[in-house]
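Asker: Per numbering that gives the first Met the number 0, the sequence shown runs over residues 0 to 621. From the three backbone atoms N, C-alpha and C, an ideal C-beta is built for every residue, glycine too. If you're wondering where the values come from, they're calculated on a predicted model, not measured in any experiment.
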Amino acid sequence: MKGQETRGFQSEVKQLLHLMIHSLYSNKEIFLRELISNASDAADKLRFRALSEPSLYEGDGELRVRISVDRENRTLTLSDNGIGMTRDEVIDNLGTIAKSGTKAFLESIGSDQAKDSQLIGQFGVGFYSAFIVADKVTVRTRAAGAQADQGVFWESAGEGEYTVADVEKIERGTEITLHLREGEDEFLDDWRLRNIIGKYSDHIALPVEILTNEGEEEGQKWEKINKAQALWTRSKADVSDEEYKEFYKHIAHDFSDPLIWSHNRVEGKQEYTSLLYIPSQAPWDLFNRDHKHGLKLYVQRVFIMDDAEQFMPNYLRFVRGLVDSNDLPLNVSREILQDSRVTQNLRSALSKRALQMLEKLAKDEPEQYQKFWQQFGLVLKEGPAEDGANREAIAKLLRFASTHGDSDAQNVSLEDYISRMVEGQEKIYYITADSYAAAKSSPHLELLRKKGIEVLLMSDRIDEWMMSYLTEFDGKPFQSVSKKDESLDKLADEESAEQKDAEKALEPFVERVKTLLGERVKDVRLTHRLTDTPAVVTTDADEMTTQMAKLFAAAGQSAPEVKYIFELNPDHPLVKRTADTTDDARFGEWVEVLLDQALLAERGSLEDPNLFIRRMNQLLTA
0 MKGQETRGFQ SEVKQLLHLM IHSLYSNKEI FLRELISNAS DAADKLRFRA
50 LSEPSLYEGD GELRVRISVD RENRTLTLSD NGIGMTRDEV IDNLGTIAKS
100 GTKAFLESIG SDQAKDSQLI GQFGVGFYSA FIVADKVTVR TRAAGAQADQ
150 GVFWESAGEG EYTVADVEKI ERGTEITLHL REGEDEFLDD WRLRNIIGKY
200 SDHIALPVEI LTNEGEEEGQ KWEKINKAQA LWTRSKADVS DEEYKEFYKH
250 IAHDFSDPLI WSHNRVEGKQ EYTSLLYIPS QAPWDLFNRD HKHGLKLYVQ
300 RVFIMDDAEQ FMPNYLRFVR GLVDSNDLPL NVSREILQDS RVTQNLRSAL
350 SKRALQMLEK LAKDEPEQYQ KFWQQFGLVL KEGPAEDGAN REAIAKLLRF
400 ASTHGDSDAQ NVSLEDYISR MVEGQEKIYY ITADSYAAAK SSPHLELLRK
450 KGIEVLLMSD RIDEWMMSYL TEFDGKPFQS VSKKDESLDK LADEESAEQK
500 DAEKALEPFV ERVKTLLGER VKDVRLTHRL TDTPAVVTTD ADEMTTQMAK
550 LFAAAGQSAP EVKYIFELNP DHPLVKRTAD TTDDARFGEW VEVLLDQALL
600 AERGSLEDPN LFIRRMNQLL TA
């Protein structure tokens, strides 16, 4: 063959093929779905390209995929007349895995084979599933619009290298021949193939045809064995749950069932059909900047593009599905979509539809919603900042840990919280910290715990940023317990005459501490908000919080220095001992230790922890 050369696979492909052959998939038949899905994608791409270049059809606009078997040679062949591939595309698509996260994929598989089937589709490596049942795979392909002598031959036994060559191919498209392994003869059985295709590929708009023997006189003919009608164009009443699930797996390349879906046809000012799904598990690269997301876009049932992110805000990037619009031009581009009024209206309507799906899931199936929250909660927390119009709806869907429970499970809704508010409570109290343990044990909670008031415990990095946009819910303002606030002061028991006298007696002590610390703190005060802790640091309502400062630092940005108010508990023995200390040096040591304790509880770290330890040791041994 002309232009023949043998090439080595990219190293990650070698590892992948080894896994395919030796350990992946308990459900081998899925390889057929993957290959038919790839053929369907090739047909969609040709339809789109042919909008501007009708000559690509080469006089044959009836797109389809065909399946035939050769029992004697034990081969199974799938051929399509879609877009096809050039030699460079064959090398790029079949010799390498053009994914930045391939290594992450291989690492995430590890030894846990139970996850294999969930992972493989998400990494765009479905073609290689052919090697589960085949010990050799041969591909013949020609790109639409290319000359017949520009066909490409590709073959591999999946053992580290492949052969590529130039061949003549009259028909455009791709033909894949699987040379089946010993013991895989079930895939040569006509009835078995029909059963698999009916199960996985009935919903695909591309006709799937199988070669049948009609008898000696009539010879062989191609028989269509799937409905070949775009699923979203059918009436909801005519589509079964199983069909919806299989269609999701086809468009999302996911092997898990979705949690919920919504199929809607809208008529009126705008005409469109949408089919949206909420997945049951997050893709491996959900937080990768290069993560492809968005909906499949069709215009009047013609495929236009994958991953049209313009129809769904970033905080809903986990939503999968499609939108088929009658109001966009067939030659629409990503640039036109960006500025289109139709796009903006669709984005608004589809965002609301997705939030309604989640609200329904939370109301009807709270356990399933909890699964969703574990997978996608962090992404949804981006919503209050990104989508002001739907902020209240998003807030209803948020879940938190709180002092009401004994675990770090984020399962408390804001509606739950409000239903448990004590008489006279005006605000929703929360605290942000580096971890659940740090939040739960914070000294800021002491008074609220004593009063039986629930506090939301927030420990995700995004929480502080989110709360700067989430100012109230159901008319109740949010209040950080680490900030100075009148409502918190009111919760403290009314001061007795004795306490007032004690505070007056401690005024010189407070002034002495202020003089010692100077500009290092914003103010020094006595507080009755503490029960077991000698001192805390708080910030004023308009000051940046500790957690926000940490966010700035993590992003490599300089933030204004946080100026703390140093609050001392006049009833605590250590504060009393410090107040009674007349020796200035010893007094200074005690004040420094109390301040460092408060800073350590607030920030989780100290600038000079060794100095703190030395001071503590000196005071303990004195």
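Spatial neighbours of T5 within its chain, please: C-beta separation below 7 Å, excluding the five flanking residues on both sides.
Answerer: E160 and T162.
Asker: Per the DSSP calculation, V512 is bridged to which residue(s)?
Answerer: DSSP lists no partner for V512.
Asker: Could you tell me whether the segment 276-284 touches the segment 295-309, using the rule of 3 or more Cβ pairs below 8 Å?
Answerer: In short, these stretches do not touch, since the Cβ pair count stays below three.
Asker: Could you check the C-alpha separation between A501 and L610 for me, to the nearest Å?
Answerer: Going by the C-alpha atoms only, they are around 32 Å apart.
Asker: At 4 residues or longer, and completely inside the segment 233-290: list those alpha helix (DSSP H) runs for me, N to C.
Answerer: Here the runs fully enclosed are 240-251.
Asker: By Cβ distance, which residues of its chain are closer than 7 Å to D531, with the 5 residues on each side in sequence left out?
Answerer: Excluding residues within five positions, the ones whose Cβ falls inside 7 Å are E445.
Asker: On the three-state DSSP scale, how would you describe H443?
Answerer: Residue state, collapsed to three classes: helix.
Asker: Are there 16 or more other CB atoms within 10 angstroms of the CB of K432, so buried, or fewer, so exposed?
Answerer: According to the sequence shown, residue 432 is Ala rather than Lys. Looking at its Cβ environment, which holds 16 or more other Cβ atoms inside 10 Å, A432 is buried.
Asker: Just to confirm my understanding: we take V89, look at its own chain, exclude 5 residues before and 5 after, and list those with CB closer than 8 Å. What are they?
Answerer: Cβ within range, chain order: V138, T140, V151, W153 and V163.
Asker: Confirm, please, whether the CB-CB distance from E566 to A540 is below 8 Å.
Answerer: Taking 8 Å as the Cβ cut-off, A540 and E566 do not qualify as a contacting pair.
Asker: So, with DSSP's three-state summary, where would you put S486?
Answerer: Reduced to three states, the DSSP call for S486 is helix.
Asker: In this structure, does DSSP put D433 in helix, strand or coil?
Answerer: Coil at D433, not helix or strand.
Asker: Do D284 and E242 come within 8 Å of each other at the CB atom, strictly closer than that value?
Answerer: No, these two residues do not count as a Cβ contact at 8 Å.
Asker: Can you grab the Cα-Cα spacing for the pair D595 / V509, in whole Å?
Answerer: So the alpha carbons of these two residues sit roughly 17 Å apart.
Asker: Take L516 and list the residues in its own chain whose beta-carbon comes closer than 8 Å to its own, dropping the five residues that flank it on each side.
Answerer: Hits under 8 Å: V523, F565, V590 and L594.
Asker: Excluding five sequence neighbours on each side, which residues of the same chain lie with their C-beta closer than 7 Å to the C-beta of I2?
Answerer: As written in the sequence, residue 2 is Gly, which differs from the Ile given in the question. These residues qualify, in order along the chain: A164 and D165.
Asker: Would you identify the three-state DSSP class for G2, choosing helix, strand or coil?
Answerer: Residue state, collapsed to three classes: strand.
Asker: With 16 as the cutoff for other CB atoms within 10 Å, does E601 come out buried or exposed?
Answerer: Buried is the call here.
Asker: Classify A548 as buried or exposed, calling it buried when 16 or more other Cβ atoms lie within 10 Å of its own Cβ.
Answerer: So A548 counts as buried.
Asker: Rounded to whole angstroms, what is the Cα-Cα separation between A408 and A400?
Answerer: Taking the straight line joining both Cα atoms gives about 6 Å.
Asker: Helix or strand or just coil, what does DSSP make of F565?
Answerer: Looking at F565 - three-state DSSP - the assignment turns out to be strand.
Asker: Can you tell me where the alpha helix (DSSP H) holding W464 begins and where it ends?
Answerer: That run of the alpha helix (DSSP H) goes D462 to M466.
Asker: For the pair the segment 259-272 and the segment 319-329, tell me if three or more CB-CB distances fall below 8 Å.
Answerer: Touching, yes, given that three or more Cβ pairs across the two stretches are closer than 8 Å.
Asker: Measure the CB-CB distance between N313 and E385 and report whether it falls below 8 Å.
Answerer: Contact: yes.
Asker: Taking the alpha carbon of I427 as the point to measure from, which residue in G404, Y468, A133 and L455 has its own alpha carbon closest?
Answerer: Measuring from the Cα of I427, the nearest candidate turns out to be L455.
Asker: So M311 and S255 are supposed to be a Cβ contact under 8 Å. How far apart are they, rounded?
Answerer: Not confirmed; about 20 Å, so no contact.
Asker: Just curious, the beta strand (DSSP E) that K220 is in, first and last residue?
Answerer: K220 -> beta strand (DSSP E) spans Q219 to K223.
Asker: Less than 8 Å separating the beta-carbons of I203 and N225?
Answerer: Result yes, Cβ atoms of I203 and N225 sit closer than 8 Å.
Asker: In the structure shown, what three-state DSSP assignment does D323 receive?
Answerer: In the structure shown, D323 sits in a strand (DSSP, three-state: E or B).
Asker: Cβ atoms of L230 and G144: under 8 Å apart, would you say?
Answerer: No. Outside cutoff.
Asker: Which whole-angstrom value describes the C-beta separation of L93 and N80, a residue pair presumed to lie in contact below a C-beta threshold of 8 Å?
Answerer: That pair is no contact at about 19 Å.
Asker: From the DSSP secondary-structure annotation, give me the bridge partner or partners of T177.
Answerer: What sits at residue 177 in the sequence shown is Leu, not Thr. Its beta-bridge partners are L75 and V136.
Asker: Just tell me which of V64, K268 and S412 has its CA closest to the CA of T402.
Answerer: For T402, the nearest C-alpha among the options comes from S412.
Asker: Taking only three categories from DSSP, how would you classify S401?
Answerer: Reduced to three states, the DSSP call for S401 is strand.
Asker: Using alpha carbons as the reference points, say which of S39, E485, V64 and H249 lies closest to K223.
Answerer: K223 has its Cα closest to that of V64, out of S39, E485, V64 and H249.
Asker: If you draw a straight line from the C-alpha of S418 to the C-alpha of R613, how long is it?
Answerer: Near 48 Å, if we compare the C-alpha coordinates of R613 and S418.
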